[in-house]
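**Student:** Can you read through this structure? Questions will come right after.
There are 2 protein chains.
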Amino acid sequence: MTSRGPGKRVRKAPAERRHEIVATAARVGLTEGLECVTLRRVADELGVRPGLVGHYFPAADALVAEAFTGATMAELDGLLPEPPAEGDGPTPAGVLRRFFTLISGTEFDDVSRLWLNARHLSRYRPVLREHVVAQELLWCRRFAGVITDGTAAGEFSCPNPWAAAARVLVAIDGASTYINTSAEHRAEPIATMPRTVAEAELGLPAGALGPG
Amino acid sequence: MTSRGPGKRVRKAPAERRHEIVATAARVGLTEGLECVTLRRVADELGVRPGLVGHYFPAADALVAEAFTGATMAELDGLLPEPPAEGDGPTPAGVLRRFFTLISGTEFDDVSRLWLNARHLSRYRPVLREHVVAQELLWCRRFAGVITDGTAAGEFSCPNPWAAAARVLVAIDGASTYINTSAEHRAEPIATMPRTVAEAELGLPAGALGPG
DNA sequence: TGATTTATTGGTCACGTACTCAATAACATT
DNA sequence: AATGTTATTGAGTACGTGACCAATAAATCA
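Read top to bottom, the protein sequences are chains A and B.
Each step along the first sequence adds one to the number in full-length UniProt numbering, with nothing skipped, and position 58 is 58.
Each step along the second sequence adds one to the number in full-length UniProt numbering, with nothing skipped, and position 107 is 107.
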């Protein structure tokens, strides 16, 4: 990809270089796993010497953590966009319908793998752990916000949006847990569960958040 | 632990040695993580040279996979014992009550970590992957068996035990996914969910599978 | 234009891993 | 008691990792 002859130096503004390092690390982490996010791997990807990446990230843990946050933050904004400050965005039910449609696609598989990856790796890497906790709470907060909006608009009936969001996320994360193993063996009962749980939590009839 | 002077050799029957290697690997994997299951680590634990472990497991992947199966198999038998061939064991509802009580305890945390660990690692290690798939299906089958028994006995009402078991396991695995990260931040809504899902799936009133 | 800062290079270091293989010693068999 | 089998050792290779540091060249500033 990015290759140039040896010795030829390209000097960039620190902010720009740092940003492209994190972006590359996020891409590697998302597609190949966070343990592939190493100084050498990212450097190769950028056509740069490992020492340079080490210069921006003296501790490799920080790079892995930022890679995770970068990838999941982008994904969250794609799945559950923050509602516009004022005026009329899409209806909460519409937002959720779109959300459940998107996470059913195979494009979401890499994201499932990334979360699984990060949650396990957090056992050993405290810096990553903090980032994962922050993202988990952010996703929950974002989802709870949609529920709150929908309840205010009379679309949903939900006494405790935060707890309901947490439970829907349990279903989503539980269903995506098998992504590397027996997912296809039990596809049918598993895949439909998150949407069903959401409908139950929001007091909606079965199928209300379904496609079409 | 097991230490003896250098050079002193203890020669054991292959079956016995192999068994103690797997048992040690299972213990290390359960308490410290499957990436700590290395030839050297297991050898140190046994007071033996790394080459010996390598002799029994020419590929380290196989050792990790067997360590996982050993640990989860023991756990399953502790949580959901296979019913006696004939005669009267405990009632299915009683079995499930006991099950949900046990997985609520902190002793189950290591098991949660192990599953998370194994499911991620399966991404890279095909041998482990097969073992994890087998265990996932076994747990599901075992759970479905209890549901089937309870339905036959008139305790439960469940049209599809296999699918119901799969969904309850989604709730359990989803709830335990946060064990290394934000588990304690959202303990309340998350911890109660598996039992609630089970009660709904089995047509039981809320709290029917609760403690006491 | 000359001086200064610093982004970038290139190399080294110690560590831990799996894997290989010849030599050895404990056991079993005759 | 001698022999054969093999479980076990000990040393070695090759690889990938994070961390460290002096030298260098590109950009900026005086």
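Where is the CB? At the ideal position from N, CA and C, for every residue including glycine.
Quick check on DSSP: helix, strand or coil for B/A206?
**Tutor:** Translated into positions along the second sequence, residue 206 of chain B becomes position 206. Note: B/A206 maps to coil in three-state DSSP.
**Student:** By Cβ distance below 7 Å, which residues in the same chain neighbour A/I147 in space, the five residues on each side in sequence not counted?
**Tutor:** As a first step, residue 147 of chain A is located in the first sequence; it is residue number 147 there, counting from the start. Answer for A/I147: F156, C158, P161, A164, A165 and L202, listed in chain order.
**Student:** Out of curiosity, what's the CA-to-CA distance linking A/G54 and A/A60?
**Tutor:** Here residue 54 of chain A corresponds to residue number 54 of the first sequence, with the count starting at 1. Here residue 60 of chain A corresponds to residue number 60 of the first sequence, with the count starting at 1. About 7 Å.
**Student:** Taking only the alpha-carbon atoms, compute the straight-line gap between B/V37 and A/E82 and give it to the nearest angstrom.
**Tutor:** On the second sequence, residue 37 of chain B is found 37 positions in, with the first residue counted as 1. On the first sequence, residue 82 of chain A is found 82 positions in, with the first residue counted as 1. Their backbone Cα atoms lie some 44 Å apart in a straight line.
**Student:** Give a yes or no on whether the minimum CB-CB distance between A/D88 and chain B is below 9 Å.
**Tutor:** For the purposes of this step, residue 88 of chain A is taken as residue 88 along the first sequence, with counting starting at 1. Closer than 9 Å: no.
**Student:** Would you mind stating whether A/T91 and A/A191 have Cβ atoms separated by less than 9 Å?
**Tutor:** Position 91 of the first sequence, counted from the first residue, corresponds to residue 91 of chain A. Position 191 of the first sequence, counted from the first residue, corresponds to residue 191 of chain A. Contact flag unset, no.
**Student:** Can you give the beta carbon distance from B/L169 to B/W139, rounded, assuming they're within the 8 Å contact cut?
**Tutor:** Locating residue 169 of chain B in the second sequence gives position 169, where the first residue counts as 1. Locating residue 139 of chain B in the second sequence gives position 139, where the first residue counts as 1. Right, the Cβ-Cβ distance comes to about 7 Å (below 8 Å), so this counts as a contact.
**Student:** 9 Å is my cut-off, CB to CB: does A/C140 come that close to chain B?
**Tutor:** Against the first sequence, residue 140 of chain A aligns to sequence position 140. Chain B, which has a Cβ nearer than 9 Å to the Cβ of A/C140, makes this yes.
**Student:** Taking a cut of 9 Å between CB atoms, which residues from the segment 173–184 of chain B lie near chain A?
**Tutor:** Those would be D173, G174, A175, S176, T177, Y178, I179, N180, T181 and S182, in chain order.
**Student:** According to DSSP, simplified to helix, strand and coil, what is B/D149?
**Tutor:** The residue you call residue 149 of chain B lines up with position 149 of the second sequence. If DSSP states are grouped into helix, strand and coil, B/D149 belongs with the helices.
**Student:** Going along chain B, which residues have a C-beta under 9 Å from A/L116?
**Tutor:** Here the question's residue 116 of chain A lines up with position 116 in the first sequence. The answer, in chain order, is L116, R119, H120, R123 and T177.
**Student:** Buried or exposed: A/R186, going by 16 or more other Cβ atoms within 10 Å of its Cβ?
**Tutor:** Sequence index remark: in the first sequence, residue 186 of chain A carries index 186 (1-based). Looking at its Cβ environment, which holds 16 or more other Cβ atoms inside 10 Å, A/R186 is buried.
**Student:** What is the rounded straight-line gap between the Cα of A/R195 and the Cα of B/A183?
**Tutor:** Counted from its first residue, the first sequence places residue 195 of chain A at position 195. Counted from its first residue, the second sequence places residue 183 of chain B at position 183. Rounded to the nearest angstrom, the two C-alpha atoms are 22 Å apart.
**Student:** Using a beta-carbon distance below 9 Å, is A/G29 in contact with chain B?
**Tutor:** Taking the first residue of the first sequence as 1, we reach residue 29 of chain A at position 29. So, not an interface residue.
**Student:** For A/V22, go through chain B and note every residue whose CB falls closer than 9 Å to its CB, in chain order.
**Tutor:** On the first sequence, residue 22 of chain A is found 22 positions in, with the first residue counted as 1. Chain B residues near A/V22: none, gap ~21 Å exceeds 9 Å.
**Student:** For B/A62, I'd like the list of residues in its chain whose CB is within less than 8 Å of its CB, leaving aside the five on either flank, ordered along the chain.
**Tutor:** The residue given as residue 62 of chain B occupies position 62 in the second sequence. Once the five neighbours on either side are set aside, the close Cβ partners of B/A62 are V127.
**Student:** Which residues, in chain order, does the segment 42–70 of chain A contribute to contact with chain B at a C-beta distance below 9 Å?
**Tutor:** So nothing in the stretch comes that close.
**Student:** Which of the three DSSP states, helix, strand or coil, is assigned to B/E86?
**Tutor:** In the second sequence, the residue the question calls residue 86 of chain B occupies position 86. In the structure shown, B/E86 sits in coil (DSSP, three-state: anything other than H, G, I, E or B).
**Student:** Are the beta-carbon atoms belonging to A/E20 and A/L46 less than 9 Å from one another?
**Tutor:** Position 20 of the first sequence, counted from the first residue, corresponds to residue 20 of chain A. Position 46 of the first sequence, counted from the first residue, corresponds to residue 46 of chain A. The answer is yes: Cβ separation under 9 Å.
**Student:** Quick check on A/E107: buried or exposed, where buried means 16 or more other Cβ atoms within 10 Å of its Cβ?
**Tutor:** Your numbering for residue 107 of chain A matches position 107 in the first sequence. It is exposed - the Cβ of A/E107 has fewer than 16 other Cβ atoms within 10 Å.
**Student:** What is the DSSP secondary structure of A/A60, reduced to helix, strand or coil?
**Tutor:** Numbered from 1 along the first sequence, position 60 holds the residue referred to as residue 60 of chain A. If DSSP states are grouped into helix, strand and coil, A/A60 belongs with the helices.
**Student:** Can you give me, in chain order, the residues of the segment 126–137 of chain B that have a beta carbon less than 8 Å from any beta carbon in chain A?
**Tutor:** Hits within the stretch, in order: R129, V132, V133, E136 and L137.
**Student:** Hey, which unbroken runs of the alpha helix (DSSP H) at 4 residues or more fall wholly within the segment 67–117 of chain A?
**Tutor:** If we require 4 residues or more, the alpha helix (DSSP H) runs fully inside the segment 67–117 of chain A come out as 92–104.
**Student:** Going by C-alpha distance, which of B/M73, B/A85 and B/H120 is nearest A/L34?
**Tutor:** Translated into positions along the first sequence, residue 34 of chain A becomes position 34. Of B/M73, B/A85 and B/H120, the residue nearest in Cα terms is B/H120.
**Student:** Leaving aside the five residues before and after A/V95 along the sequence, list all residues of the same chain whose C-beta is less than 6 Å from its C-beta, in chain order.
**Tutor:** Position 95 of the first sequence, counted from the first residue, corresponds to residue 95 of chain A. Excluding positions up to five away in sequence, the list reads V146.
**Student:** Counting C-beta neighbours from all protein chains within 10 Å, is the total for A/A13 16 or more, i.e. buried, or is it exposed?
**Tutor:** Looking up residue 13 of chain A in the first sequence gives position 13. Exposed: under 16 other Cβ atoms inside 10 Å.
**Student:** Exposed or buried, B/R125, counting other C-beta atoms within 10 Å across all chains shown (16 or more means buried)?
**Tutor:** Locating residue 125 of chain B in the second sequence gives position 125, where the first residue counts as 1. Classification for B/R125: buried.
**Student:** How would you list, in chain order, the residues of chain B whose beta-carbon sits under 8 Å from the beta-carbon of A/A171?
**Tutor:** Residue numbering aside, residue 171 of chain A sits at position 171 when the first sequence is read from its first letter. Within chain B, the residues near A/A171 are V170, A171 and G174.
**Student:** I want to verify the contact list: residues of chain B whose CB lies under 9 Å from the CB of A/R113, in sequence order.
**Tutor:** In the first sequence, counting from the first residue as 1, residue 113 of chain A sits at position 113. Within chain B, the residues near A/R113 are H120 and R123.
**Student:** What do you get for A/E199, buried or exposed, if any count of 16 or more other CB atoms within 10 angstroms of its CB means buried?
**Tutor:** Position 199 of the first sequence, counted from the first residue, corresponds to residue 199 of chain A. Classification of A/E199: buried, given that the 10 Å Cβ count is 16 or more.
**Student:** Which residue from B/V132, B/N180 and B/G150 puts its Cα closest to that of B/L209?
**Tutor:** Along the second sequence, read from residue 1 onward, the residue named residue 209 of chain B stands at position 209. The shortest Cα separation from B/L209 among B/V132, B/N180 and B/G150 belongs to B/G150.
**Student:** Going along chain A in order, which residues have a C-beta closer than 7 Å to the C-beta of B/M193?
**Tutor:** Position 193 of the second sequence, counted from the start, is the residue given in the question as residue 193 of chain B. Simply R167 and V170.
**Student:** Given a cut-off of 9 Å on the beta-carbon distance, is the pair B/V132 and B/A118 in contact?
**Tutor:** Numbered from its first residue, the second sequence carries residue 132 of chain B at position 132. Numbered from its first residue, the second sequence carries residue 118 of chain B at position 118. The answer is yes: Cβ separation under 9 Å.
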